[in-house]
Structure formats: structure tokens, C-alpha cells
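When we follow the working numbering, the leftmost residue of the sequence shown carries the number 189, and every step to the right adds one.
All C-beta atoms in this analysis are idealised placements derived from N, C-alpha and C, irrespective of residue type, glycine included.
Please read the structure below before turning to the comments.
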Amino acid sequence: MPGGMNLFDLAQRGMSAQLVRMNAAASNLANAGTVSGSEATAYKPIRAVFAEDLDQATGLASVKVAGVVREQAAAVRQHNPDHPLADANGDVWTAPVDENAEMVEMLEASRQYQNMVEALSTAKQLMLDTMRMK
Numbered sequence: 189m190p191g192g193m194n195l196f197d198l199a200q201r202g203m204s205a206q207l208v209r210m211n212a213a214a215s216n217l218a219n220a221g222t223v224s225g226s227e228a229t230a231y232k233p234i235r236a237v238f239a240e241d242l243d244q245a246t247g248l249a250s251v252k253v254a255g256v257v258r259e260q261a262a263a264v265r266q267h268n269p270d271h272p273l274a275d276a277n278g279d280v281w282t283a284p285v286d287e288n289a290e291m292v293e294m295l296e297a298s299r300q301y302q303n304m305v306e307a308l309s310t311a312k313q314l315m316l317d318t319m320r321m322k
């Protein structure tokens with residue numbers, strides 16, 4: 189298919205998208221529980237945004253990463269006047285990261301990635317079997 193997508197291109201795009209998804213969840217987990225001196229500077233979780241990418245040459249649709257965006261979740265205020273980052277009211281702000289939800293996100297992305305690896309492996313085996321029949 190000159191100029192068009194094939195199975196390997198489709199799988200590569202899907203695997204790349206899931207990798208971005210896993211990296212976003214890993215970043216969120218790494219920043220869970222971080223403390224800031226103000227709500228504006230507190231870490232906000234990030235999410236990968238996917239979009240359909242249609243190949244005009246073949247009519248096949250795949251996925252592309254349209255971007256990575258910050259969620260608008262509000263930081264969690266905690267009263268802790270002894271903390272070095274506490275504001276004038278004695279409050280600090282922690283990242284609004286749900287660690288359980290992030291683990292589920294990573295697990296789901298990992299499973300999708302694994303499914304694509306298995307599909308590629310199956311396609312490769314079918315190609316080899318077809319070549320042996322000739």
C-alpha cells in the first residue's frame with residue numbers, strides 16, 4: 189500500500205497512544221500528595237486526549253494523540269500551619285490525584301498495549317504461515 193497505512197502502522201499508532209496515556213498516569217502518580225503554597229501552583233493531573241485519524245488513501249481510521257491537557261480539578265486545602273509552604277492562613281494545597289483511579293488508568297492502558305502486541309504477533313505468524321504455503 190504505497191502512501192497508505194497497513195496493519196503495522198495502525199498498531200504502532202495505537203501503541204504510541206497508549207504509551208502517552210501510561211506516561212500521563214505515571215506523572216500523576218508521581219505527583220500525588222505533592223504540596224504547594226497556593227491553589228494556583230498546586231499540581232493538576234494531566235490526561236491524554238485522543239482523536240480519530242482517517243487515512244484518505246486506505247479509508248482506515250486510527251488513533252492519534254490530539255494533546256495532553258491539565259484537568260481542572262481543584263487542589264485540596266489542608267490546614268497545616270507548621271508546614272514551610274503554609275500560606276498566611278496556615279493552609280497548604282495538595283495535588284488532587286486519585287491514586288486508585290490512576291492505577292486503573294495505567295492498568296487499562298497496559299492491557300490495550302498488550303492487546304496490540306498480541307495482534308501484531310498473530311499477524312506476523314499468519315504472514316509467515318502464508319509464505320510457507322507457497
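When DSSP builds the beta bridges, which residues end up paired with Phe-238?
-> For the purposes of this step, residue 238 is taken as the residue at position 50 of the sequence shown. Val-253, per the DSSP bridge assignment.
Count the CB pairs spanning the segment 235-246 and the segment 283-291 that are closer than 8 Å, and state whether there are at least three.
-> no
Beta-carbon spacing of Gly-232, Ala-205 below 8 Å = Residue 232 sits at position 44 when you count from the first residue of the sequence shown. Residue 205 sits at position 17 when you count from the first residue of the sequence shown. It is worth fixing the name first, because residue 232 is Lys in this sequence and not Gly. No, the pair does not count as a contact, with Cβ atoms beyond the cut-off.
Enclosing alpha helix (DSSP H) for Val-305 [first to last residue] = Position 117 of the sequence shown holds residue 305. 287-321 is the span of the alpha helix (DSSP H), which, as asked, contains Val-305.
Environment of Arg-209 [buried if 16+ CB atoms lie within 10 Å] = In the sequence shown, residue 209 corresponds to position 21, counting from 1. Per the 10 Å Cβ criterion, buried.
Where Pro-190 sits in the DSSP three-state scheme = Numbered from its first residue, the sequence shown carries residue 190 at position 2. In this prediction, Pro-190 has a pLDDT of 47, which is less than 50 and means its spatial position is unreliable; nothing more can be read from the coordinates.
Beta-carbon proximity check, Thr-282 vs Val-223, cutoff 8 Å | For the purposes of this step, residue 282 is taken as the residue at position 94 of the sequence shown. For the purposes of this step, residue 223 is taken as the residue at position 35 of the sequence shown. Contact flag set, yes.
Does the distance from the CB of Leu-248 to the CB of Leu-295 come in under 8 Å?
-> Taking the first residue of the sequence shown as position 1, residue 248 is located at position 60. Taking the first residue of the sequence shown as position 1, residue 295 is located at position 107. No. Outside cutoff.
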